[in-house]
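Asks:
Numbering (this note's numbering), first residue to last: 17 to 154.
Structure representation (structure tokens):
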């Protein structure tokens, strides 16, 4: 006895759509490890030196925040040495913000040395701000 098994008929269009989907999936997977931007828009990996600049900028931003907090505490408490000291600290805080923006711009341009130089200036200025904020009225 002969048994006939039904077969599914697939149109040529369905066959081509399946191949197209497989090719798209394959190309998408190939683009991921290439080191460039991925198919999903994730940024490419940064060179090895970048985490150090990111860390330096993060620490500089933290120092700027700490200096602002010290100044604010002294200003609210009325313990700043003089109005001239307050004006000088305010100018220095603006300078620190500008230096921080410049350091971030240098980091985006992969100027590692500039980032470190700018961060050093930020650390020096924030230390001065903190010391001046802690000076009491005489």
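By construction, the Cβ of each residue, glycine as well, lies at the ideal position given by its N, Cα and C atoms.
Would residue 138 be called buried (16 or more neighbouring beta carbons within 10 Å of its own) or exposed?
Replies: buried
Asks: If we ignore side chains and look at the alpha-carbon of each, how far apart do residue 98 and residue 153 end up?
Replies: Cα to Cα, the separation comes out at about 7 Å.
Asks: Once you ignore the five residues that flank residue 130 on each side, which residues in its own chain have a CB closer than 6 Å to its CB?
Replies: If we look at residue 130 and ignore the five residues flanking it on each side, its Cβ neighbours are 122.
Asks: Just the Cα atoms here: how many angstroms apart are residue 101 and residue 80?
Replies: The straight-line gap separating the alpha-carbon atoms of residue 101 and residue 80 is approximately 18 Å.
Asks: Starting from the C-beta of residue 86, find all residues in its chain whose C-beta is less than 6 Å away, skip the five residues before and the five after it, and write them out in chain order.
Replies: 146 and 149
Asks: Mapping DSSP to helix, strand and coil, what is residue 52?
Replies: Here residue 52 scores only 47 on pLDDT, less than 50, and its place in the model is too uncertain to base an answer on.
Asks: Going by the C-beta, is residue 87 closer than 7 Å to any heavy atom of the ligand COA?
Replies: The ligand COA is not part of this structure, which contains no ligands at all.
Asks: Out of 133, 128, 126 and 119, which one is the CA nearest neighbour of residue 77?
Replies: 119
Asks: Which value, in whole angstroms, describes the spacing of the CA atoms of residue 143 and residue 111?
Replies: 13 Å
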